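> In this text, residue positions in the sequence shown follow my numbering: the first is 1322, and each later residue adds one.
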Amino acid sequence: MSLEDSLFGVHGKALALRSQRLSLLASNIANASTPNYKARDIDFEAALKTATEEGASAGTAAQGAMGYRIPLQPSVDGNTVELSTEQTLFAENAVKYRTTLSFLEGRINTLNRALRGE
1322 MSLEDSLFGV HGKALALRSQ RLSLLASNIA NASTPNYKAR DIDFEAALKT ATEEGASAGT
1382 AAQGAMGYRI PLQPSVDGNT VELSTEQTLF AENAVKYRTT LSFLEGRINT LNRALRGE
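Okay, structure coming up:
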């Protein structure tokens, strides 16, 4: 177990995975009008399990848990991005990212206070 894992537990890897997922969802949104673009996403739970149980890096875990989204209504031009779905998932993931970040900030503040002897 690394020092980071012992200090931050699962939250450090969760933050890295959420960040990667935000980038991927943003890419889907940016390519909503690109013909033949295939929307991708990360199975967050599977990636987190791989990162924590197998000790994989967040990047490796994300790659292993990445897949293509199957659209509810296929587009004529082959694009599988459904903008409303992507925007909803992006907003949901952003809230979870911020929550994880707040938890880590609290943990760091606690460690700083302990180091100062407060």
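Heads up, the beta-carbon is just placed ideally off N, CA and C, and yes, glycines get one too.
Note that the structure is predicted; figures quoted are calculated from it, not measured.
For A1386 and V1397, I'd like the C-alpha separation in whole angstroms.
Locating residue 1386 in the sequence shown gives position 65, where the first residue counts as 1. Locating residue 1397 in the sequence shown gives position 76, where the first residue counts as 1. If I take the Cα positions, the gap works out to 28 Å.
> So, using beta-carbon positions, are F1365 and L1346 closer together than 8 Å?
On the sequence shown, position 44 is the one that residue 1365 refers to. On the sequence shown, position 25 is the one that residue 1346 refers to. Their beta carbons are not under 8 Å apart, which means F1365 does not touch L1346 by this criterion.
> If you drop the 5 nearest sequence neighbours on each side, which residues of the same chain put their C-beta closer than 7 Å to that of A1379?
Here residue 1379 corresponds to residue number 58 of the sequence shown, with the count starting at 1. For A1379, where only same-chain residues beyond five positions count, the Cβ hits under 7 Å are K1334, A1337, L1338, Q1341 and A1372.
> Quick one: what does DSSP say I1363 is sitting in, helix, strand or coil?
Position 42 of the sequence shown, counting from 1, holds the residue named residue 1363. Reduced to three states, the DSSP call for I1363 is strand.
> Given this structure, state the Cα-to-Cα distance separating Q1408 from E1439, to the nearest angstrom.
Here residue 1408 is taken as the residue at index 87 of the sequence shown, counted from 1. Here residue 1439 is taken as the residue at index 118 of the sequence shown, counted from 1. For Q1408 and E1439, the distance between alpha carbons rounds to 43 Å.
> Please list, in chain order, all residues of the same chain as V1402 whose beta carbon is under 7 Å from its beta carbon, the five residues on each side excluded.
Taking the first residue of the sequence shown as position 1, residue 1402 is located at position 81. Correct list, in chain order: N1349, N1352, A1353, Y1358 and A1360.
> Between which two residues does the alpha helix (DSSP H) carrying Y1418 extend?
Locating residue 1418 in the sequence shown gives position 97, counting from the first residue. First-last of the alpha helix (DSSP H) with Y1418: L1404 to R1437.
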